[in-house]
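S.K.: I am attaching a structure below and will ask some questions about it afterwards.
Numbering (full-length UniProt numbering), first residue to last: 1 to 653.
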């Protein structure tokens with residue numbers, strides 16, 4: 001018996017070494033391949049890069065960085081430094097409170113800033129582009145700010161009082177522990193909360209009136225919130241409502257009442273409810289306002305007498321302003337070109353104005369304000385760069401296989417003639433209830449100026465039409481997202497927006513599932529596909545429970561290990577599993593060596609299998625004009641999952 005054990009162990013080690021060696025060789029050959037190929041595009045790349053940098057310079061000053069107002073003081077970040085200025089200081093006098101360079105964090109960028117209520121301390125979240133974990137730096141403010149403490153691997157943090165900070169620690173993409181640390185005379189740190197369920201992720205939030213910190217434990221479908229009373233920060237956290245499968249809820253506070261944003265009750269879309277702090281259980285929740293059907297709640301801002309809901313419906317943005325005094329709800333339509341909100345970070349709770357920015361892929365952020373006193377929307381006149389007016393925005397509805405209408409947002413140059421001859425770039429995501437990213441990007445504007453058409457397909461699985469839109473495209477409904485995408489592309493071509501030989505499909509991360517699936521089922525609809533850190537090997541990844549995200553992702557993709565039917569269903573659409581010899585479009589993939597979310601091995605194997613299928617097809621069919629598609633993989637040493645610095649992202653673009 002002893003004799004049989006040892007060789008098997010040795011054999012196992014050998015196979016690990018062999019696969020590591022294979023991986024290293026594959027990686028090396030892909031990098032050499034990329035160096036050869038990229039050299040061919042040098043002149044074109046240089047020209048595009050110059051154009052992008054020119055556009056970046058032209059539009060970045062607009063956006064500025066979010067400002068944190070604190071009475072007379074304004075805190076803001078620029079180029080890795082944090083500054084303090086006075087609200088009405090026209091002289092432009094600023095104090096430097098923190099510099100990443102001076103304190104030896106030159107490769108990091110500032111991700112989050114929290115000022116203690118008495119403004120004696122400042123907590124800063126720093127992140128490098130090669131890691132998902134952030135570092136929290138605590139600065140003691142004063143005439144000469146001093147670095148008081150450094151906490152590694154932090155996800156979120158908030159001040160409970162002037163000198164008590166709560167934070168969550170992050171390890172392997174998971175957040176399960178909440179700590180409290182004090183800056184009083186007796187400094188100490190203690191563990192306050194631990195989440196036992198691997199599907200749940202913990203973060204910390206501070207209510208707008210600074211009365212409570214909330215410990216939020218969320219899975220993809222269920223949540224539980226604990227309250228820390230900022231007046232008694234050493235008391236144990238109090239449970240709001242025990243987790244109930246399928247019920248998501250988030251907490252705000254006003255006048256001794258909890259305002260609860262929740263999916264509880266029918267229909268399972270977000271509603272605003274309230275309950276007394278002292279009796280916060282579900283049985284006491286009362287409805288304040290329910291959203292209309294097919295409406296996406298983007299965010300909610302709480303003020304002393306009002307709250308504003310930022311909403312999307314069929315691609316259009318609007319606000320619902322709820323008055324707690326008159327118990328009225330006012331709906332405010334926003335400009336039709338707007339596709340995305342960018343909210344001010346930490347607006348003052350008692351202010352009479354709510355500031356936000358509107359943007360679209362081809363419109364740089366533009367500042368707006370809503371005045372509670374005047375009940376009006378004010379457009380801020382700080383736009384020094386004119387907004388591009390020769391771009392036309394069209395909203396379409398495509399009929400999917402099951403008759404469901406799927407929204408598409410299309411942008412093109414108004415001066416473009418013969419749209420059927422113009423190149424088309426189609427974008428898709430369709431997972432986790434997350435909307436397609438439609439914030440401003442210089443390259444999108446450049447493409448419009450060059451005569452391209454841009455289309456954004458808001459397929460099921462994403463969140464564009466509310467929570468049911470996501471539910472209708474996850475787990476055993478994943479194929480609906482694929483049918484939606486196909487219907488969108490076919491409608492665009494039918495209406496004269498380009499044609500298959502001029503159409504490219506772009507997707508990032510989980511968007512790679514639908515894009516890669518379409519590439520297998522309907523390759524003739526597109527000529528090229530561009531993927532960034534794509535998820536293309538769903539089946540094998542979901543079988544590996546040792547990977548950091550597999551357990552919590554089961555609510556999105558299902559559990560193929562426990563359910564044979566689920567494994568069969570995933571196999572039916574998984575891009576890697578369905579590659580076959582046929583005429584594929586050209587494919588360009590960017591992947592990251594440091595990506596903790598999408599294992600690089602899966603991407604490498606996908607590329608190998610795709611190339612082989614394309615070559616097999618070409619050798620079998622000796623048709624005239626038969627071509628082998630370009631299948632290119634660019635593996636980046638810098639950057640982590642879809643997260644690069646401006647300089648690196650320009651090179652990628």
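Where a beta carbon is used, it is the ideal one built from N, C-alpha and C, also for glycine.
Since the structure is predicted, the reported quantities are computational estimates derived from the model, not experimental observations.
Output needed for residue 289: all residues of its chain with C-beta closer than 8 Å, excluding positions within five of it in sequence on either side, in chain order.
M.R.: 271, 272, 309, 320, 322, 329
S.K.: Starting from residue 206, follow its DSSP beta bridges and name the residues at the other end.
M.R.: 213
S.K.: Hey, quick one: how far does the alpha helix (DSSP H) through residue 603 stretch, first residue to last?
M.R.: 600 to 620
S.K.: Does the beta-carbon of residue 438 have 16 or more other beta-carbons within 10 angstroms, so that it is buried, or is it exposed?
M.R.: So residue 438 counts as buried.
S.K.: Assign residue 147 to one of two classes, buried (16 or more other C-beta atoms within 10 Å of its C-beta) or exposed (fewer than that).
M.R.: exposed
S.K.: For the region 123 to 193, which segments carrying the beta strand (DSSP E) assignment without a break, of at least 3 residues, lie completely within its bounds, in sequence order?
M.R.: 134 to 140, 146 to 159, 164 to 171, 174 to 182
S.K.: Can at least three beta-carbon pairs, one atom from the region 485 to 492 and one from the region 277 to 296, be found at a separation below 8 Å?
M.R.: no
S.K.: Please report the distance separating the alpha-carbon of residue 582 from that of residue 616.
M.R.: Distance from the CA atom of residue 582 to the CA atom of residue 616, rounded to whole angstroms, is 8 Å.
S.K.: Determine the extent of the alpha helix (DSSP H) in which residue 485 is found, giving its start and end residues.
M.R.: Per DSSP, residue 485 belongs to the alpha helix (DSSP H) from 478 to 494.
S.K.: Who pairs with residue 322 in a beta bridge, going by DSSP?
M.R.: Residue pairing from DSSP places residue 322 in a beta bridge opposite 307, 329.
S.K.: Below 8 Å, how does it come out for the region 514 to 525 and the region 471 to 485: are there three or more Cβ pairs, yes or no?
M.R.: yes
S.K.: When the distance is taken between beta carbons, is residue 639 closer than 8 Å to residue 592?
M.R.: A contact, by the Cβ cut-off of 8 Å.
S.K.: Taking 8 Å as the threshold (C-beta atoms), are residue 135 and residue 126 in contact?
M.R.: yes
S.K.: Would you report the Cα separation of residue 658 and residue 343, rounded to the nearest angstrom?
M.R.: An answer regarding residue 658 cannot be provided, because it is not within the stretch 1 to 653 covered by the chain.
S.K.: Spatial neighbours of residue 470 within its chain, please: C-beta separation below 8 Å, excluding the five flanking residues on both sides.
M.R.: Counting only Cβ-Cβ distances below 8 Å, and skipping sequence neighbours, we find 432, 433, 460, 461, 462, 463.
S.K.: What separation, rounded to the nearest whole angstrom, lies between the Cα atoms of residue 259 and residue 450?
M.R.: 48 Å
S.K.: When you compare the CB positions of residue 507 and residue 548, do they come within less than 8 Å of one another, or not?
M.R.: no
S.K.: With distances taken from CA atoms, which of 253, 366, 559 is nearest residue 306?
M.R.: For residue 306, the closest C-alpha among the options 253, 366, 559 is that of 253.
S.K.: Do residue 653 and residue 52 have their C-beta atoms closer together than 8 Å?
M.R.: yes
S.K.: Kindly indicate the opening and closing residues of the beta strand (DSSP E) around residue 273.
M.R.: 271 to 276
S.K.: Can you name, in chain order, every residue of its own chain whose Cβ lies under 6 Å from the Cβ of residue 224, other than the five neighbours on each side?
M.R.: Result list for residue 224: 217, 243, in chain order.
S.K.: Closest to residue 573 by CA distance: which of 483, 601, 106, 551 is it?
M.R.: 483
S.K.: Just to confirm the assignment, what range does the alpha helix (DSSP H) spanning residue 264 have?
M.R.: It is not in any alpha helix (DSSP H) - residue 264 carries neither H nor E in the DSSP assignment.
S.K.: Is it right to say residue 116 is buried, meaning 16 or more other beta carbons lie within 10 angstroms of its own, or is it exposed?
M.R.: Buried: at least 16 other Cβ atoms inside 10 Å.
S.K.: Please go through the region 399 to 428 and give each complete beta strand (DSSP E) segment of 3 or more residues, from N-terminal end onward.
M.R.: 405 to 413, 424 to 427
S.K.: Alpha carbon to alpha carbon, how far is residue 33 from residue 21? Give it in angstroms, no decimals.
M.R.: Those two C-alpha atoms are separated by around 18 Å.
S.K.: Does the Cβ of residue 413 have 16 or more other Cβ atoms within 10 Å, making it buried, or fewer, making it exposed?
M.R.: buried
S.K.: Around the C-beta of residue 359, are 16 or more other C-beta atoms found within 10 angstroms, so that it is buried, or is it exposed?
M.R.: Burial call: buried.
S.K.: Roughly how many angstroms lie between the CA atoms of residue 554 and residue 86, to the nearest whole one?
M.R.: 49 Å
S.K.: Looking at residue 628: is its Cβ nearer than 8 Å to the Cβ of residue 614?
M.R.: yes
S.K.: Since residue 571 is in the alpha helix (DSSP H), which residue starts that stretch and which ends it?
M.R.: Residues 564 to 573.
S.K.: If you draw a straight line from the C-alpha of residue 12 to the C-alpha of residue 193, how long is it?
M.R.: Confidence at residue 12 is low in this model, with a pLDDT of 48, below 50, so the placement of that residue should be treated as unreliable; the coordinate-derived value is given next. Taking the straight line joining both Cα atoms gives about 39 Å.
S.K.: Since residue 591 sits in a beta bridge, which residues does DSSP pair it with?
M.R.: Looking at the DSSP output, residue 591 shares a beta bridge with 635.
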